[in-house]
DNA sequence: TTGTACGCGTTATCAT
DNA sequence: ATGATAACGCGTACAA
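Protein chains in written order, with UniProt numbering: chain D, 1 to 332; chain W, 1 to 332.
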């Protein structure tokens, strides 16, 4: 592989000049610039990004930590991030945190050890304090899907409360008054917020929620199934069900079908996230759209603006969810 | 950030000695080793991986090119790769190729410019010749889901022909004799191979395939829907349908339902890939399992063994698909 | 076993 | 506008 030195030799200029034409930062005469460009082309020169990093103290890489690489959710997010970063010539290093505190910390350590210029984190298990301390270091971080007041500027989050509100409101407007709710793990803030939105919508319609019709799941379809069984076992009547995410909605729907309930005639269901699967299950799921791809993009833009000085970019910290009407909920 | 130099000073030894204890390669006395370790701990020393890379000419990073980051397929693959790599302390740089030749080449160039030690590629649009030339360079590559005879050792592939055979055989064993087939884009080798397997199974059962019952799709659900409509428009009778992947099966199933066909009573359908959605659609899809996660793992192991000298690893180049029986196909 | 000194391929700070 | 030259932090012959 040709080095900058060989280029300078062939072009008959110094090292420094070659570096200048590469980085376009200092004035170089048209004539010498062309000589250098020619030499580069002849030698098939490629800058060694490692050496660049060492000398400039920038790795041009941004580290991403997600809970899982598989699953329908993170792919969208990664896709948004990668797009934006690559267009800017930055590369993306990924690690998985598996929703477990130690593992998340491990992943973060790993990314730090890789000299990333910034970190984009989708973490769930790690504490606010840990993140605040981390943010206090010299390595900038952006948080996706998490809001910490002290780090508000570094958070790209969804208004989960509003989402929960919209989901429930839709059912109430369709005339339902007996609603059940399958929640996510209540120690997760998004699960809590979505539920809060549910309660707000109920209250606004003058309804009180029967705690017996609340089941706490795990955000997975098996959990949704289990919760649905528990709800049915109460023998309490309900004509509509809101689920804190689509996967649990799918699990619940399956159980409903097994029990001979028609969706949506006997039971209306609304989910949350608008995963791809929401379009595949039958009947197609009415749900709340979570613009995770856009949020990934925005996190990348945050980094580009704050770390790589792309001043022009517009930033936005909190995204609003929107209702997506399909076939799983209908009027009473 | 502390450097190796400060550690050596605090420990009262030379640079070289510190380097030796880090890399565990040369003998260092127990006493000095401990002094060094202590000094490291005191300073909170972290090796600078960039400098390590420059000096050792190894970046400890492996580049991954996939078609898309989102979608149900690549996530599994990335997950397998990341797992295996991180356990070995290597990191993973990702790029998307979007199934388009120029874009795939771009992505590869991008990864090369990042000084990866090896590349794991899931490419579809780029030519065999390009890949053979690429493999001729100094940067090792592994191909997933692609078989090129000249690069056989670098290919981790699935026996697609066998998969196509198994899918069709299942239907034939269930007594079906009138089968339709929705293929992938025939310029893709996996689409071609799966179809070849279909034909072999038909032939073995003494059946000849009616070309009018073949529709060529695009591996996406909308294509599956379109193909299904074309097939129905022929008015030719068929009681079973083989789809070259799950997404098209989902699209076809939707059209079938709209046309009042009951699956599987009126029409048996089998897919290919065993995506997560296969479990979510209704009825649950009988399909061929594509062990893409395992294959990603294996590609990572290939790199660990061949590039990072982990001799102990067992390698395997071609994987066998297996039938997964669910509810979308039944006996006549 | 330990230390010296050079090289890895750039960037950046001086001069000129 | 261009050229020397010193970092950047580490690996590794070679020497001791």
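Quick reminder that beta carbons are idealized off the backbone N, C-alpha and C, glycines included.
Under 7 Å Cβ-Cβ, which residues of chain W neighbour residue 313 of chain D?
Going along chain W, no residue has its Cβ under 7 Å from residue 313 of chain D, so there is no contact; the nearest lies around 21 Å.
Give me, in chain order, the residues of the same chain whose beta-carbon lies closer than 7 Å to that of residue 163 of chain D; leave out the 5 immediate sequence neighbours on both sides.
The residues are 194, 197, 272, 288 and 321.
Grouping DSSP H, G and I as helix and E and B as strand, with all else coil, what is residue 110 of chain D?
Helix, per DSSP.
Jot down the residue ranges of each uninterrupted beta strand (DSSP E) in the segment 117-195 of chain W, minimum 3 residues, whole runs only, in chain order.
For the segment 117-195 of chain W, whole beta strand (DSSP E) runs of length 3 or above, ordered along the chain, are 118-121, 141-144, 155-158 and 179-183.
Going by CA-CA distance only, name the one from W:237, W:226 and W:221 that's closest to residue 248 of chain W.
Selected option, being the one with the closest Cα: W:221.
So residue 103 of chain W contacts chain D; which residues on that side make the cut at Cβ distance below 9 Å?
Simply none; closest approach about 10 Å.
List the endpoints of the continuous alpha helix (DSSP H) containing residue 43 of chain W.
30-43 is the extent of the alpha helix (DSSP H) around residue 43 of chain W.
Pull up the distance between the alpha-carbon of residue 85 of chain W and that of residue 110 of chain D, whole angstroms please.
Those two C-alpha atoms are separated by around 12 Å.
Could you check which residue in W:227, W:145, W:101 and W:12 has the C-alpha nearest to that of residue 319 of chain W?
Out of W:227, W:145, W:101 and W:12, W:145 has the C-alpha closest to the C-alpha of residue 319 of chain W.
Roughly how many whole angstroms lie between the Cα atoms of residue 8 of chain D and residue 34 of chain D?
Computed Cα separation, rounded: 12 Å.
So, at 6 Å on beta carbons, what are the nonlocal neighbours of residue 63 of chain D in its own chain, with the 5 sequence-adjacent residues on each side left out?
Here the set comprises 93, 111, 116 and 119.
Which word fits residue 29 of chain D, buried or exposed, when buried means at least 16 other C-beta atoms lie within 10 angstroms of its C-beta?
Burial call: exposed.
Report yes if the CB atom of residue 65 of chain D is closer than 7 Å to the CB atom of residue 121 of chain D, and no otherwise.
Yes, they are a contact pair.
Check whether the segment 287-301 of chain D touches the segment 251-267 of chain D, counting contact only when three or more Cβ pairs, one atom from each stretch, lie closer than 8 Å.
Because the criterion of three Cβ pairs below 8 Å is not met, the segment 287-301 of chain D and the segment 251-267 of chain D do not touch.
Say whether chain D places a C-beta atom closer than 7 Å to the C-beta of residue 50 of chain W.
By this cut-off, residue 50 of chain W is an interface position.
Count the C-beta pairs between the segment 297-312 of chain W and the segment 73-92 of chain W that are closer than 8 Å, then say yes if the count reaches three, no if not.
Touching, yes.
Could you check the C-alpha separation between residue 278 of chain W and residue 243 of chain W for me, to the nearest Å?
Roughly 12 Å separates the two Cα atoms.
Is residue 48 of chain W buried or exposed, if buried means 16 or more other CB atoms sit within 10 Å of its CB?
That one is buried.
If you draw a straight line from the C-alpha of residue 123 of chain W to the C-alpha of residue 137 of chain W, how long is it?
Residue 123 of chain W and residue 137 of chain W: Cα-Cα distance of roughly 18 Å.
Considering only their Cβ atoms, is the gap separating residue 13 of chain W from residue 32 of chain W smaller than 7 Å?
Cβ atoms of residue 32 of chain W and residue 13 of chain W: closer than 7 Å.
Report the option in W:4, W:325 and W:332 whose CA atom is closest to the CA atom of residue 166 of chain W.
The option with the nearest alpha carbon to residue 166 of chain W is W:325.
Give every residue of the same chain whose Cβ lies closer than 8 Å to the Cβ of residue 331 of chain D, excluding the five residues on either side of it in the sequence, and list them in chain order.
174 and 175, listed in sequence order.
Give me whichever residues DSSP pairs with residue 96 of chain D in a beta bridge.
Residue 96 of chain D is bridged to D:66.
Can you find at least 3 beta carbon pairs, one from the segment 230-238 of chain W and one from the segment 153-161 of chain W, that sit closer than 8 Å?
No: the two stretches stay apart, fewer than three of their Cβ pairs being nearer than 8 Å.
Measure the C-alpha to C-alpha separation of residue 114 of chain W and residue 284 of chain W and round it to an integer number of angstroms.
Their Cα atoms are separated by approximately 43 Å.
Name the DSSP bridge partner or partners of residue 319 of chain D?
Answer by DSSP bridge pairing, in chain order: D:158.
Where do the N-terminal and C-terminal ends of the alpha helix (DSSP H) with residue 81 of chain W fall, by residue?
Note, residue 81 of chain W: alpha helix (DSSP H), 74-87.
Whole angstroms is fine: what's the gap from residue 307 of chain W's alpha carbon to residue 313 of chain W's?
Near 12 Å, if we compare the C-alpha coordinates of residue 313 of chain W and residue 307 of chain W.
Under 7 Å Cβ-Cβ, which residues of chain D neighbour residue 70 of chain W?
Here the neighbours are 75, 76 and 79.
Do we get a CB-CB distance below 7 Å when we pair residue 122 of chain D with the residues of chain W?
By this cut-off, residue 122 of chain D is not an interface position.
Would you list the residues sitting across from residue 61 of chain D in a DSSP beta bridge?
Partner(s): D:91.
Which value, in whole angstroms, describes the spacing of the CA atoms of residue 405 of chain W and residue 311 of chain W?
The structure shown has nothing for residue 405 of chain W, since chain W only spans 1 to 332.
In chain order, what are the residue ranges of uninterrupted beta strand (DSSP E) at least 3 long that sit wholly in the segment 254-300 of chain W?
The qualifying runs are 268-270 and 287-289.
In the DSSP output, which residue or residues are listed as bridge partners for residue 324 of chain D?
DSSP output for residue 324 of chain D lists D:287 as bridge partner(s).
Indicate whether residue 101 of chain D and residue 135 of chain D have their beta-carbon atoms separated by less than 7 Å.
Going by C-beta atoms, residue 101 of chain D is not nearer than 7 Å to residue 135 of chain D.
Which class does residue 207 of chain W belong to by DSSP, given the choice of helix, strand or coil?
Of the three classes helix, strand and coil, the one that applies to residue 207 of chain W here is coil, per DSSP.
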